[in-house]
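2 protein chains.
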Amino acid sequence: MAKPKIEPRLPKGMRDFLPQEMIKREYVFNIVREVFHLYGFEPLQTPVLELHETLMGKYGEDAEKLIFNAQHPGGKEELALRYDLTVPLARVVAQYQNEIPIPFKRYQLSPVWRAERPQRGRYREFYQCDADIVGVTGMGADAEILSLITTALTRLGFQQFSVKVNNRKLLTAIGEYAGAEGDQLAELYRSIDKFDKVGAEGVREELVKRGVQADVVTRIMELVTARHPGLEQLNFLEEVMGNLPAAQAAIRELRELADHLNAANVPANFYEFDLTMVRGLGYYTGPIFETVITEPNLGSVTGGGRYDDLVGLFRGESLPTTGTSLGIERIIDLLDILKLYPPHIGGTVVQVMVTVFGDDTRAASTAFAADLRTAGVRTELYMLDKQIGKQMTYADKKRIPLVAVLGSQEIADGTVKLKRLADGEEVTVNRAEAPAKISELLS
Amino acid sequence: MAKPKIEPRLPKGMRDFLPQEMIKREYVFNIVREVFHLYGFEPLQTPVLELHETLMGKYGEDAEKLIFNAQHPGGKEELALRYDLTVPLARVVAQYQNEIPIPFKRYQLSPVWRAERPQRGRYREFYQCDADIVGVTGMGADAEILSLITTALTRLGFQQFSVKVNNRKLLTAIGEYAGAEGDQLAELYRSIDKFDKVGAEGVREELVKRGVQADVVTRIMELVTARHPGLEQLNFLEEVMGNLPAAQAAIRELRELADHLNAANVPANFYEFDLTMVRGLGYYTGPIFETVITEPNLGSVTGGGRYDDLVGLFRGESLPTTGTSLGIERIIDLLDILKLYPPHIGGTVVQVMVTVFGDDTRAASTAFAADLRTAGVRTELYMLDKQIGKQMTYADKKRIPLVAVLGSQEIADGTVKLKRLADGEEVTVNRAEAPAKISELLS
Numbered sequence: 000m001a002k003p004k005i006e007p008r009l010p011k012g013m014r015d016f017l018p019q020e021m022i023k024r025e026y027v028f029n030i031v032r033e034v035f036h037l038y039g040f041e042p043l044q045t046p047v048l049e050l051h052e053t054l055m056g057k058y059g060e061d062a063e064k065l066i067f068n069a070q071h072p073g074g075k076e077e078l079a080l081r082y083d084l085t086v087p088l089a090r091v092v093a094q095y096q097n098e099i100p101i102p103f104k105r106y107q108l109s110p111v112w113r114a115e116r117p118q119r120g121r122y123r124e125f126y127q128c129d130a131d132i133v134g135v136t137g138m139g140a141d142a143e144i145l146s147l148i149t150t151a152l153t154r155l156g157f158q159q160f161s162v163k164v165n166n167r168k169l170l171t172a173i174g175e176y177a178g179a180e181g182d183q184l185a186e187l188y189r190s191i192d193k194f195d196k197v198g199a200e201g202v203r204e205e206l207v208k209r210g211v212q213a214d215v216v217t218r219i220m221e222l223v224t225a226r227h228p229g230l231e232q233l234n235f236l237e238e239v240m241g242n243l244p245a246a247q248a249a250i251r252e253l254r255e256l257a258d259h260l261n262a263a264n265v266p267a268n269f270y271e272f273d274l275t276m277v278r279g280l281g282y283y284t285g286p287i288f289e290t291v292i293t294e295p296n297l298g299s300v301t302g303g304g305r306y307d308d309l310v311g312l313f314r315g316e317s318l319p320t321t322g323t324s325l326g327i328e329r330i331i332d333l334l335d336i337l338k339l340y341p342p343h344i345g346g347t348v349v350q351v352m353v354t355v356f357g358d359d360t361r362a363a364s365t366a367f368a369a370d371l372r373t374a375g376v377r378t379e380l381y382m383l384d385k386q387i388g389k390q391m392t393y394a395d396k397k398r399i400p401l402v403a404v405l406g407s408q409e410i411a412d413g414t415v416k417l418k419r420l421a422d423g424e425e426v427t428v429n430r431a432e433a434p435a436k437i438s439e440l441l442s
Numbered sequence: 000m001a002k003p004k005i006e007p008r009l010p011k012g013m014r015d016f017l018p019q020e021m022i023k024r025e026y027v028f029n030i031v032r033e034v035f036h037l038y039g040f041e042p043l044q045t046p047v048l049e050l051h052e053t054l055m056g057k058y059g060e061d062a063e064k065l066i067f068n069a070q071h072p073g074g075k076e077e078l079a080l081r082y083d084l085t086v087p088l089a090r091v092v093a094q095y096q097n098e099i100p101i102p103f104k105r106y107q108l109s110p111v112w113r114a115e116r117p118q119r120g121r122y123r124e125f126y127q128c129d130a131d132i133v134g135v136t137g138m139g140a141d142a143e144i145l146s147l148i149t150t151a152l153t154r155l156g157f158q159q160f161s162v163k164v165n166n167r168k169l170l171t172a173i174g175e176y177a178g179a180e181g182d183q184l185a186e187l188y189r190s191i192d193k194f195d196k197v198g199a200e201g202v203r204e205e206l207v208k209r210g211v212q213a214d215v216v217t218r219i220m221e222l223v224t225a226r227h228p229g230l231e232q233l234n235f236l237e238e239v240m241g242n243l244p245a246a247q248a249a250i251r252e253l254r255e256l257a258d259h260l261n262a263a264n265v266p267a268n269f270y271e272f273d274l275t276m277v278r279g280l281g282y283y284t285g286p287i288f289e290t291v292i293t294e295p296n297l298g299s300v301t302g303g304g305r306y307d308d309l310v311g312l313f314r315g316e317s318l319p320t321t322g323t324s325l326g327i328e329r330i331i332d333l334l335d336i337l338k339l340y341p342p343h344i345g346g347t348v349v350q351v352m353v354t355v356f357g358d359d360t361r362a363a364s365t366a367f368a369a370d371l372r373t374a375g376v377r378t379e380l381y382m383l384d385k386q387i388g389k390q391m392t393y394a395d396k397k398r399i400p401l402v403a404v405l406g407s408q409e410i411a412d413g414t415v416k417l418k419r420l421a422d423g424e425e426v427t428v429n430r431a432e433a434p435a436k437i438s439e440l441l442s
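Chains as they are written, first to last, in numbering that gives the first Met the number 0: chain A, 0 to 442; chain B, 0 to 442.
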């Protein structure tokens, strides 16, 4: 064979997931899928390649520079790799209008591509995980999304988190209340959005620097620094801004949302009304949600809200939609940081490795491995002609929890020696009893 | 909102998978993953985008015309969408030489892209599903692959199938035996490969037409039409060709393979030695496998074999490898044709829909839905303000098996009325007993 001329390497910003990493990812994916199903969200999958025209004009010019184009020699269509999961959803609800029942509750867990400058924790191919409810105006839908988030995070093992809830309409109202509009209103949002980073004093300074009038700054700060628990926060807002129509609508929505959450037994410590939470995306029209891991403070893991105008885009109508993205790549990393992966989500899918001493014992080992598999035990049969020491080293390197040793003595006796590598625990049992013993040793 | 200017449509050869279809696909994917894990195959995932140079020179010119290229504005790397899962495997085993334990048993279940002319059952984005064992020369590895195939197909519900086993070396030997070499040998393979389509007489005619000498044709036909059961087939080959070194090696390998299969209790009716099975790909070096569904005759669902020279490509060495592709897209279709999807793999993930009569009963319905979810029941809470009849129609259209009705009477009584849509069976139970009753009604 010729010497290799091509160096094995990846494109910029791309990753391979070797088994150890994949096993963690699939653990997270499976929990998330299970919770989606529990709430009646159905799986949807769209192709990686979309028509270029489907994606253009949806994300803004800066974002659209990051889209990967695709083409095959002689191809006539202009194609592009999917940039998010929302535009494909919009295309789907228009394209299959007669087949899709409304409400349409779908999730999609798929990679997207963005040619951003790669940096720590940011890649050019990464998974997004979106759940949305299309076709419902009532706050019951928003409550389902919020309940879904708390269940998913709880099942993943997070204990200290908070879904921050705000309402786009409330931000408009704050602007009215404070006498800010147009560009000034947008700047005001951007400044409030920095609350987490720069604190109240920082926001105040920034507003002043932006030329916002002193009395307006004072009014805004009064509102955004208010931290009343639960519904008291809404009462406070009503007192202060209840005369503004936008605020009335916003507060009414949030009250309804709170009623639904209460009825659904969503623990009140898992969410809070926070006026400083401003989602960056301009397309939201109602309640918005963002979840932060609070203890330790590890930032945001979900983002979403109600966006009634985007999903109907290809249908040429407004189509009420609310939903959330789970920051699935971030969640996968956080489970490592917080040590939330269960012990069996280690380096391998294998539960037991069966050793092979040599040609004279191979058939017995092969038969035993087959029996274990029939009993549902995830089994690797060792396959190289190596000494037992090397076989153990291999099992250890792969972090296989148990090794089953079948030497000529065990074969003659109808037994097998099971060895747990973590603590060296060893036990010899009849082969028929092995599956039960294995399950005991693994637990 | 402006009228839509962009028609919602897909690129040529691409598909959306709406929930009904996705549920079937995930059912198949899950079974296949479970069986891979049972055999100790570990999940691997490589990125969709590879460097163009990684893919080039591996598949042959005609194939390489079908590769989709990708690029982002200003990007300097030449990228391409993955064309198969074997070249990425070869890249990975070279790139992570020190991290990957040998034997490396990996599977990958991922889409690939090929710009072929779309036709019935052929798409430009489709899933491949490969399991390979890297680093083992012994036939134990090939036997594992074959055992894996039979278990996977059995678990999927296939009952009548046959893994046809041949050996590339045997085909070389047949050439020697028949005095055919070079181009003539290649033509001979191509003709034998048509056996399934044109039968023995067709192959004979084609060989004659190709100008193969009459006595050579007779000898070849004697070999390829031999149909001895099990090991007798190998005995026959040994009698006829035992004096040729290539045949000796091939027959020795197949005998070893049969020994392993026997030790692993792989039912002998699931495989046969078939000299007319010639895998198209030129890179095989040892045993080759192809599975056909026999009753009814529905063609091939797996293909694979030993290819010792490809996976070491980027390492510049030969690296023994054996494996199989499951034709996962074909399998998904066949399960429909053969009606092998279990009844619960219907149109929806939802097991129960909870109706909502109106604002006065909404809280109770919401609380009940939350309780069902806590008990693990996949539950949809109806969300539009529609009459009960419309709610039933929606449940029916979505093929939700059960509806839970909570009217004011049931709320007062602490009960719920469960209705099974398939047969109209109705029962009213205490709400605390609902999860158990639901599981009974679903089974």
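Cβ atoms here follow ideal geometry from the backbone N, Cα and C, with glycine treated the same way. This one's a predicted model, so the numbers in the text were calculated from it and none came from an experiment.
- Against chain B, a Cβ distance below 8 Å from GLN159 of chain A picks out nothing, because the smallest value is about 21 Å.
- Neighbours of VAL91 of chain A in chain B, taken as residues at a C-beta separation under 7 Å, are given in chain order as ASP15.
- The beta carbon of GLY241 of chain A is closer than 7 Å to those of GLN247 in its chain, skipping five residues each way along the sequence.
- GLN350 of chain A carries a coil assignment under DSSP once its states are collapsed to helix, strand and coil.
- With a minimum length of 4 residues, the unbroken runs of alpha helix (DSSP H) contained wholly in the stretch 101-155 of chain A fall at 138-155.
- For the stretch 375-400 of chain B, the beta-carbon criterion of a distance under 9 Å to any beta-carbon of chain A is satisfied by GLY375, VAL376, ARG377, THR378, GLU379, LEU380, TYR381, MET382, LEU383, ASP384, TYR393, LYS396, LYS397 and ILE399.
- Taken in chain order, the members of the stretch 259-292 of chain B whose beta-carbon sits within less than 7 Å of a beta-carbon on chain A are HIS259, ALA262, ALA263 and ASN264.
- Residue contact check for LEU80 of chain A against chain B: a CB pair falls below 8 Å.
- Taking GLU424 of chain B as the centre and dropping the five residues before and after it, the same chain places the C-beta of LYS418 and LEU440 closer than 8 Å to its C-beta, in chain order.
- In the structure shown, LEU187 of chain A falls within a helical segment according to DSSP collapsed to helix, strand and coil.
- At least one C-beta of chain B is nearer than 8 Å to the C-beta of VAL135 of chain A.
- PRO434 of chain B and ALA374 of chain A have their C-alpha atoms roughly 29 Å apart.
- Against chain B, a Cβ distance below 7 Å from MET21 of chain A picks out PRO42, LEU43 and GLN44.
- CA-to-CA, the gap between LEU318 of chain A and SER364 of chain B works out to about 25 Å.
- Cβ-Cβ distances below 8 Å link VAL164 of chain A to LEU145, LEU253, LEU256, TYR270, GLU271, PHE272, ASP273, MET276, PRO286, ILE287 and PHE288 in the same chain, with the five nearest sequence neighbours on each side left out; the list follows chain order.
- Around PRO400 of chain A, the same chain offers GLN350, ARG419, LEU420, ALA421 and LEU441 as residues with beta carbons nearer than 7 Å, after the five sequence neighbours per side are excluded.
- One thing to note: GLU175 of chain A has its Cβ within 8 Å of the Cβ of LEU243 of chain A.
- Within 10 angstroms of the beta-carbon of GLN158 of chain B lie fewer than 16 other beta-carbons, which makes it exposed.
- LYS64 of chain A reaches chain B at PRO72, counting residues in chain order whose Cβ is nearer than 7 Å.
- Within a 10 Å sphere around the beta-carbon of SER190 of chain B sit 16 or more other beta-carbons, which makes this residue buried.
- For PRO7 of chain A, the chain B residues whose Cβ falls inside 7 Å of its Cβ are ARG90, ALA93, GLN94 and PHE313, in order along the chain.
- By the Cβ neighbour-count rule, VAL31 of chain B is buried, with 16 or more other Cβ atoms within 10 Å of its own.
- Scanning B:THR136, B:TYR26, B:GLU115 and B:ILE250 for the CA closest to the CA of HIS343 of chain B turns up B:TYR26.
- If one requires a minimum length of 4 residues, the alpha helix (DSSP H) runs lying completely within the stretch 9-50 of chain A are 18-37, in chain order.
- For PRO117 of chain B, no CB of chain A lies under 8 Å from its own CB, so it is not counted at the interface with that chain.
- Boundaries for ILE410 of chain A: no beta strand (DSSP E) harbours it, while the alpha helix (DSSP H) harbouring it runs 407-412, taken from the DSSP string.
- Nearest Cα to GLY137 of chain A within the set B:LEU380, B:LYS104 and B:GLY346: B:LEU380.
- Around the beta carbon of HIS227 of chain A, fewer than 16 other beta carbons sit within 10 angstroms, so the residue counts as exposed.
- Taking C-beta separations shorter than 6 Å and ignoring five residues to either side along the sequence, the partners of VAL215 of chain A in its chain run ALA177 and GLY178, following chain order.
- Non-local beta-carbon contacts of ASP332 of chain B in its own chain, meaning distances under 8 Å to residues more than five positions away in sequence, involve GLY120 in chain order.
- For ILE387 of chain B, the enclosing alpha helix (DSSP H) begins and ends at 387-396.
- If you ignore the 5 residues before and after ARG314 of chain A, its C-beta comes within less than 6 Å of the C-beta of ALA93, all in its own chain and listed in chain order.
- In terms of beta-carbon proximity, ASN68 of chain A lines the interface with chain B, with at least one pair separated by less than 8 Å.
- Taking 8 Å as the threshold, the shortest C-beta distance from ARG105 of chain A to chain B falls below it.
- Counting C-beta pairs with one atom in each stretch, the stretch 45-57 of chain A and the stretch 383-390 of chain B have fewer than three that are closer than 8 Å, which means they do not touch.
- Neighbours of ARG372 of chain A in chain B, taken as residues at a C-beta separation under 8 Å, are given in chain order as LEU37, TYR38 and THR150.
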